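Let me begin by presenting the structure, written as structure tokens, before commenting on it.
Residue numbers (the numbering used here), protein chains in the order written: chain A, 58 to 346; chain B, 33 to 315.
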């Protein structure tokens with residue numbers, strides 16, 4: 058008990074816990090829609106584009122925070138616009154384009170870091186996250202942007218769900234499917250920029266994919282799933298921050314390992330739940346014949 | 033005696049041993065990337081290639097943390113995971129949430145190994161730190177002549193292997209169901225192909241690094257697919273463009289020392305893709 062209290066005696070740990078909680082809640086909700094819409098590849102690209110944004114901002118003497126938000130949202134707008142204009146493009150075309158953009162973004166990030174002649178800890182911090190240097194101002198920015206993101210997703214959530222599950226029927230019912238897709242990408246950009254500041258550009262999936270995928274393996278109900286996704290994200294973040302505080306190894310390793318363990322466990326539970334049902338449905342025709 | 037300073041500086045490029053090694057290894061690696069990448073884009077498995085590049089990072093750092101040669105971990109991990117993804121996914125086309133989950137965890141493990149490696153041998157902190165960066169972003173100029181010959185040989189081997197199975201692989205990539213009905217071992221081909229992608233990923237990591245290899249794997253291939261629909265011409269074009277991008281990148285980083293070679297190579301590949309897209313959309 059005393060050691061837990063000792064954890065919160067340091068302001069930087071309080072900041073880290075607050076920032077981690079905000080980010081986990083936002084990523085849990087946005088990630089749930091992202092996994093549902095099968096846009097994990099796009100989410101991955103957004104997170105990678107954040108890296109040259111942050112590195113470039115540091116090179117120019119600005120805050121990394123600004124770079125993350127500007128580049129992630131900018132990339133979301135570009136991806137959305139490209140999707141609108143190239144409606145005839147096949148899937149293979151799109152994934153090749155995204156893959157190329159990703160590699161180029163990372164290459165630019167690397168160029169900026171080497172031009173900055175910066176220390177290597179800065180590079181690994183941008184790529185793999187660091188929760189130690191989070192300031193009060195950063196927590197407040199995270200809170201404001203996170204609240205805005207959740208507010209908007211709360212307003213358009215029902216329609217977005219409909220458009221995600223069956224875009225054709227939703228369009229026929231008069232929903233602005235394209236505008237919803239665009240709005241979702243921008244919100245996803247904001248969520249990715251937030252998560253990047255805790256997990257780094259390369260480990261964003263730890264909060265954006267693993268908790269939502271775990272929730273979707275356990276329940277198909279939207280509200281319950283989103284809530285579960287947030288709870289799993291927050292739990293994983295708190296445990297990881299606590300363990301990382303007492304051990305010499307980085308938070309990112311714990312975040313991803315715990316998240317992955319939860320996902321594997323959920324998939325096993327799903328298989329165990331589905332098996333008796335599957336056996337019953339197979340057994341029925343045999344007994345009737 | 034050259035008038036043009038840029039041309040003058042480029043003419044001396046082959047007088048350096050490390051540059052000759054870089055060109056030799058780069059050519060072999062680029063050829064393999066072009067050929068494998070063509071099928072990767074055709075089979076819509078770019079995301080799998082992305083996952084394998086992250087595995088390359090973790091494998092290499094795991095080997096460093098365990099104190100063995102980096103290449104054991106690099107090749108072992110990518111080939112094993114390539115086969116694993118092939119077995120996991122339905123008919124060797126894994127879905128993106130599974131791949132995303134696996135590679136998020138892989139990256140996390142990679143960071144863990146990196147920190148073990150850096151904290152493991154104190155005193156030589158600086159060189160250990162650079163090892164992590166060179167796995168992430170490549171070190172083609174740091175290859176020894178022996179390593180360069182080995183890299184070029186592996187690259188040619190990969191090309192030969194793919195060309196050997198090119199016909200059935202193409203058939204099963206374009207129309208899996210018909211190929212299976214015609215007696216092509218679709219599943220075995222898919223798993224074997226992912227193993228080769230793993231081998232190529234490990235190979236390319238040495239040149240441009242785990243984070244940038246996707247550019248060399250997809251950009252020339254996507255450009256070739258934009259420019260021609262004939263497979264035989266497309267494969268050759270893809271390999272040719274990849275080699276061209278590598279040469280151009282090496283020459284550029286030689287002329288402009290502040291640009292890292294891996295940045296220049298991926299940049300050249302992206303420019304090639306951009307030009308091909310422009311040309312295709314105009315035609």
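Built from N, CA and C at the ideal position, the CB exists for glycine as well.
Computed from a prediction, not measured in an experiment: that's the story for all the values here.
query                                                                                                                                                                             : result
What is the residue span of the alpha helix (DSSP H) that residue 101(A) lies within?                                                                                             : 97-116
I think residue 258(A) touches residue 108(A), with their Cβ atoms under 8 Å apart; what is that distance to the nearest whole Å?                                                 : 4 Å
Counting only C-beta atoms, is residue 133(B) closer than 8 Å to chain A at any point?                                                                                            : yes
Classify residue 86(B) as helix, strand or coil using the three-state DSSP reduction.                                                                                             : helix
Comparing alpha-carbon positions, which option in 285(A), 278(A), 289(A), 239(A) lies nearest residue 138(A)?                                                                     : 239(A)
Please compile the residues from chain B whose C-beta is within a distance smaller than 7 Å of the C-beta of residue 159(A).                                                      : 246
Could one say the Cβ of residue 275(A) lies closer than 8 Å to chain B's Cβ atoms, at least one of them?                                                                          : no
What residues in its chain sit with their C-beta under 7 Å from that of residue 323(A), if we drop five residues either side in the sequence?                                     : 271, 274, 275
Can you give me the C-alpha to C-alpha distance between residue 293(A) and residue 256(A), rounded to a whole angstrom?                                                           : 12 Å
Assign residue 125(A) to one of three DSSP states: helix, strand, or coil.                                                                                                        : helix
Near residue 204(B), which residues of its chain fall below 8 Å by C-beta distance, leaving aside the five closest residues on each side in sequence?                             : 211, 212, 216, 218, 221, 222
Run the CB neighbour count on residue 264(B), radius 10 Å, all protein chains shown included, and call it buried at 16 or more, exposed below.                                    : exposed
Helix, strand or coil for residue 159(A)? Go by DSSP, reduced to three states.                                                                                                    : helix
Along chain B, which residues have their Cβ under 9 Å away from the Cβ of residue 187(A)?                                                                                         : Result: empty, since nearest Cβ-Cβ is about 11 Å, beyond 9 Å.
Going along chain B in order, which residues have a C-beta closer than 9 Å to the C-beta of residue 290(A)?                                                                       : What residue 290(A) touches in chain B: nothing, since even the nearest Cβ is about 13 Å away.
Between residue 78(A) and chain B, is there a C-beta pair that is closer than 8 Å?                                                                                                : no
Compute the Euclidean distance between the alpha carbons of residue 242(A) and residue 265(A), then round it to the nearest angstrom.                                             : 14 Å
Any chance the region 290-305 of chain B sits against the region 241-251 of chain B, with 3 or more Cβ pairs inside 8 Å?                                                          : yes
Using 10 angstroms around the beta-carbon of residue 314(B), count the other beta-carbons present and answer buried if the total reaches 16, otherwise exposed.                   : exposed
Excluding the five sequence neighbours on either side, which residues of its own chain have a C-beta within less than 6 Å of the C-beta of residue 177(B), listed in chain order? : 53
Mind pulling the alpha helix (DSSP H) runs of 4 or more residues that sit fully within the region 49-103 of chain B?                                                              : 49-74, 78-98
Roughly how many angstroms lie between the CA atoms of residue 158(B) and residue 69(A), to the nearest whole one?                                                                : Any reading at residue 158(B) is ruled out, since the residue's pLDDT is 49, under 50, leaving its predicted position unreliable.
Do you know offhand how far residue 232(A)'s Cα is from residue 220(A)'s?                                                                                                         : 7 Å
How would you list, in chain order, the residues of chain A whose beta-carbon sits under 8 Å from the beta-carbon of residue 104(B)?                                              : Correct list: empty, because the minimum Cβ distance to chain A is about 22 Å.
Quick one, which residues of the region 90-110 of chain A are near chain B if we go by CB-CB under 8 Å, in chain order?                                                           : 92, 95, 97, 98, 101
How far does the alpha helix (DSSP H) with residue 230(A) in it extend, from its first residue to its last?                                                                       : That residue, residue 230(A), is in no alpha helix (DSSP H); it is neither H nor E in DSSP.
Spell out whether any CB of chain A is found under 8 Å from the CB atom of residue 51(B).                                                                                         : no
Show which residues of chain B have a CB atom less than 7 Å away from the CB atom of residue 221(A).                                                                              : Within 7 Å Cβ-Cβ: nothing; residue 221(A) doesn't reach chain B, min ~14 Å.
When you compare only the Cα positions, how much space is there between residue 167(B) and residue 238(B)?                                                                        : 7 Å
Measuring CA to CA, which of 45(B), 44(B), 312(B), 49(B) is closest to residue 180(B)?                                                                                            : 49(B)
Residues of chain B with CB under 7 Å from residue 43(A), in chain order?                                                                                                         : Past the edges of chain A, shown from 58 to 346, lies residue 43(A), and the structure says nothing about it.
Quick one: residues in its chain with C-beta nearer than 8 Å to the C-beta of residue 207(A), no 5 flanking neighbours on either side, listed in chain order?                     : 82, 83, 86
With DSSP as the reference, label residue 244(B) as helix, strand or coil.                                                                                                        : coil
Does residue 305(A) come out as helix, strand or coil in the three-state DSSP assignment?                                                                                         : coil
Is there at least one Cβ from chain A nearer than 8 Å to residue 209(B)'s Cβ?                                                                                                     : no
Determine the direct distance from the alpha carbon of residue 162(A) to that of residue 73(B), and round the result to whole angstroms.                                          : 20 Å
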